[in-house]
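For the record, in the sequence shown the residue sitting at position 180 is 176 according to the working numbering, with numbers rising by one throughout. Cβ coordinates follow ideal geometry from the N, Cα and C atoms, glycine included.
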Amino acid sequence: MPRSPIGVSLGLRLFCTTLALIPAIPAAAQAAVPVSPTNSLHQTVLNQANNTQRWLLAGKDDKDDKKDHKNDKKGRDKERKRDDDRKENRKRDRVESEYYERTTEIRVQESQGWRSYVNVARLANSSSLVLQLNVLQKPVTRYANVVYIVYARQNNQWVQAYTSTGARLVANQAGQITLNPEVIRLDQLKLSTNVDYSQLQLRVETQIRYDVRDGQRDQRVVFEQPCNYATLTQINRVEQISTTNTINTSTTTGSTTQTSGRQSITLSNGYRVTFLGVNYTSSSSIWRYYVEELPVAQDLSNWVLGLPPCARVLNSSLKGELVNPDPNAKISGIKWQPGGGFERGEFSVTLNGRWAVGTTTVAVKGPDVARGQLPGPSCSSI
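In structure tokens, the structure reads:
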């Protein structure tokens, strides 16, 4: 797969996974924008590979792969029947095809100046759901709160299974915010005693009530998201989808603005990636990430940070190179190959423009490839 040099505009390829947001209000009042290769504005959503969503593992490349690709292009691969990769690659392609067929496109919903989506996951070692509201944009408010309602499909109808007690307050400033995760034990859901969790359909409703500064009070916006319990991403701990980001958590010194980060995901192949934050200058943005190898991980080969098509790379740490897309990660962006003996380190990339924080895909190749979601550049400028 050809790789473009730094400075070349990046293409877009974004694969979506389990979660989705669907319009909860009539189309005239609310616009839901799907994440697709033809819509660059809303790369800011999760594909759920979730903030820690379900990962699709790709097989390891052997030493003969480059020769195979070269021979294939020239039409003289005489060892096709004996190639040790072909059988595995066919199997991988089939699994991947089946996987994406059963996943649902994620949507960011917009209504009344609010733009948001919700993460839904389940704890691997506990019978609990985890919800987390991500607000990409909000108006200035005098007061705002959030209530979660979970519906379950039983006997061919939707029944209310859970309502959060009390309201979760939302900061009044305009901008971005991620609420703390909401953990719901399954025994808190009002379900039938013989419920089949492998077939359980859920619908998460997020109600936001707020007052605006111009005197309008008790405004209400509702977002809905359907999901299947069996296909929800399993996470090991709540911190995997939590974040310390707050609205306008920035400090300004001269012409440089710094926004804090510190949101981490632990991938299924034993690597942890952390978003450290973004520094803004008058005309560019510097995005910082930290990658570390956990005890269960094996020999980092490379990792890729997905970038939106609007971004142009001005500079990068170490030996970053553009991929469009990377053949293993299957995402377009910037790729680092730290080399043998790597255990942990910080990486940064400088982009043209002051791009707002959205959500991007990251991928680490171990020998296997695992993908996930973290804060990253969007195509919305600030």
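Under the three-state DSSP convention, the category Leu182 falls into: helix
Residue range of the unbroken beta strand (DSSP E) whose run includes Val292: It is not in any beta strand (DSSP E) - Val292 carries neither H nor E in the DSSP assignment.
Status (buried if at least 16 other CB within 10 Å, exposed otherwise) for Val155: exposed
Cutoff 7 Å; reference Pro217; Cβ partners in own chain excluding five residues on either side: Just to set this straight, residue 217 is Val in the shown sequence, not Pro. Contacts found: Ser107, Gln108, Trp110, Ile204.
Status (buried if at least 16 other CB within 10 Å, exposed otherwise) for Asn232: exposed
Residue interval of the beta strand (DSSP E) (run including Thr355): 351 to 361
Bridge-paired residues (DSSP) for Glu339: In the DSSP output, where bridge partners are listed per residue, Glu339 has none listed.
Coarse secondary structure for Thr189, derived from DSSP in three states: coil
Rounded separation between Cys306 and Leu185 - CA only: 43 Å
Range covered by the beta strand (DSSP E) that runs through Thr134: For the record, residue 134 in the displayed sequence is Lys; it is not Thr. From DSSP, Lys134 is part of no beta strand (DSSP E); its letter is neither H nor E.
Cβ-based neighbour list, Asp295, same chain, cut-off 8 Å, excluding 5 preceding and 5 following: Gly336, Gly362, Pro363
Exposure label - Lys315; buried when at least 16 CB within 10 Å: exposed
DSSP-derived helix/strand/coil call for Gln169: coil
Any 3 or more C-beta pairs closer than 8 Å across the region 316 to 332 and the region 343 to 360: yes
Whole-angstrom C-beta distance between Leu132 and Gln172, which should lie under 8 Å: 6 Å
Three-state secondary structure (DSSP) of Ala140: strand
Among Asn168, Gln230, Arg367, the one whose alpha carbon lies nearest that of Ser124: Gln230
Span of the beta strand (DSSP E) around Pro305: Careful: Pro305 lies outside any beta strand (DSSP E) and carries neither H nor E.
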